[in-house]
Amino acid sequence: MAFSPRSKLGTLLPDFPDIKDLKLPPNVPEDKVLTFLMMYRTHCQRILDTVIRANFDEIQSFLVHFWQGMPQHLLPLLNINAIVTLVGVCDSILYKAIASVLMPSVLQALPESLTQVIRKFARQLDDWLNYALYSLPENLCKVKFDLARRFCQLLRRQTSLNHLCQAARTVTQNREITSQMSEDWLNIDLNSIVKQTLYTMDHYSEKDHKTIANLCREFERLLEDQAPVECYLEWLDTMVDRCVV
Numbered sequence: 012m013a014f015s016p017r018s019k020l021g022t023l024l025p026d027f028p029d030i031k032d033l034k035l036p037p038n039v040p041e042d043k044v045l046t047f048l049m050m051y052r053t054h055c056q057r058i059l060d061t062v063i064r065a066n067f068d069e070i071q072s073f074l075v076h077f078w079q080g081m082p083q084h085l086l087p088l089l090n091i092n093a094i095v096t097l098v099g100v101c102d103s104i105l106y107k108a109i110a111s112v113l114m115p116s117v118l119q120a121l122p123e124s125l126t127q128v129i130r131k132f133a134r135q136l137d138d139w140l141n142y143a144l145y146s147l148p149e150n151l152c153k154v155k156f157d158l159a160r161r162f163c164q165l166l167r168r169q170t171s172l173n174h175l176c177q178a179a180r181t182v183t184q185n186r187e188i189t190s191q192m193s194e195d196w197l198n199i200d201l202n203s204i205v206k207q208t209l210y211t212m213d214h215y216s217e218k219d220h221k222t223i224a225n226l227c228r229e230f231e232r233l234l235e236d237q238a239p240v241e242c243y244l245e246w247l248d249t250m251v252d253r254c255v256v
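Here this note's numbering is used: the first residue of the sequence shown is 12, the next is one more, and so on.
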């Protein structure tokens with residue numbers, strides 16, 4: 012069944028940092044910082060709610076309204092490094108929440124229409140921020156742009172992985188294809204390939220040879236068992252744990 016963000020309606024953002032944990036300059040009134048933080052949390056929650064409803068185009072107006080409509084008495088806060096850092100932390104929390112709402116798992120099928128909307132949003136966010144942050148402090152802009160661009164890269168990567176996983180699922184669910192793949196695999200001279208792989212390494216041991224050979228046998232069993240795509244991903248996770256981490 013294809014996933015819909017609307018199933019996440021009512022999702023609340025995780026807690027934002029407490030101003031008591033901030034190292035504020037002595038001349039900065041805590042009440043103003045608290046007011047700003049409450050306003051920013053409301054702004055971020057509104058963006059999350061809009062994402063859940065898949066009304067991405069509304070986000071641009073929220074961004075412009077918040078940043079260009081900032082009350083004059085709060086504007087000086089945006090020049091304070093501690094406040095800029097706070098905004099960055101809050102943005103990271105928001106982006107993580109959005110990502111988990113839109114794509115809780117790369118294995119969960121997304122409607123093609125939602126995939127296209129997510130990719131469009133990833134293309135547009137930079138321009139929206141550029142307009143919304145016009146004339147605001149350079150340090151604030153840099154932090155927000157850097158985080159937004161990394162977030163958009165994540166969205167593009169996740170949608171691509173999701174598409175790849177769905178294509179892989181189609182293959183692993185087809186017995187005729189997996190049987191043919193298993194036959195083809197058995198016809199490969201794995202021993203020769205393993206040796207050639209080891210020759211490219213600066214240092215290797217018999218243990219390395221056994222590790223690669225074992226991985227090949229594990230993959231072979233997955234093909235023989237006509238395992239679902241989830242099993243392949245679990246196997247890849249264990250491979251990373253054993254060989255990389």
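Glycine included, C-beta positions come from ideal geometry on N, C-alpha and C.
Proximity of residue i and residue j at Cβ, strictly below 8 angstroms
{"i": "residue 27", "j": "residue 88", "result": "no"}
{"i": "residue 98", "j": "residue 142", "result": "no"}
{"i": "residue 129", "j": "residue 166", "result": "yes"}
{"i": "residue 240", "j": "residue 183", "result": "yes"}
Distance cut-off 7 angstroms: residue i Cβ against heavy atoms of the ligand PLP
{"i": "residue 171", "result": "No copy of the ligand PLP appears in this structure; indeed no ligand is present at all."}
Neighbourhood of residue i by C-beta distance below 7 angstroms, restricted to the same chain and skipping five residues each side
{"i": "residue 177", "result": "120"}
{"i": "residue 170", "result": "126, 129, 130"}
{"i": "residue 162", "result": "106"}
{"i": "residue 13", "result": "Annotation note: pLDDT 49 at residue 13 (below 50); position unreliable, coordinate value reported separately. Closer than 7 angstroms at the Cβ level, and outside the excluded window around residue 13, lie 120, 121, 122."}
Residues of its chain near residue i, where Cβ-Cβ distance is below 6 angstroms and the 5 sequence neighbours each way are ignored
{"i": "residue 195", "result": "none"}
{"i": "residue 136", "result": "159, 163"}
Residues of its chain near residue i, where Cβ-Cβ distance is below 8 angstroms and the 5 sequence neighbours each way are ignored
{"i": "residue 193", "result": "231, 234, 235"}
Would you be able to state if there are at least three C-beta pairs under 8 angstroms between the region 67-76 and the region 111-123? no
Which ranges does the alpha helix (DSSP H) cover as unbroken runs of at least 4 residues, wholly within the region 168-242, from first to last along the chain? 186-197, 201-210, 217-235
List in chain order: all unbroken alpha helix (DSSP H) runs of 4+ residues lying wholly within the region 39-81. 41-63, 69-79
So does the region 73-87 actually touch the region 126-143, counting three or more Cβ pairs closer than 8 angstroms? yes
Would the region 149-166 and the region 200-215 be scored as touching if the rule is three or more Cβ pairs under 8 angstroms? no
Tell me whether the region 27-41 and the region 99-115 touch, counting them as touching only if at least three CB pairs, one residue from each stretch, are closer than 8 angstroms. yes
Let me know the alpha helix (DSSP H) ranges lying completely inside the region 75-162, each 4 residues or longer, listed in chain order. 92-113, 123-143
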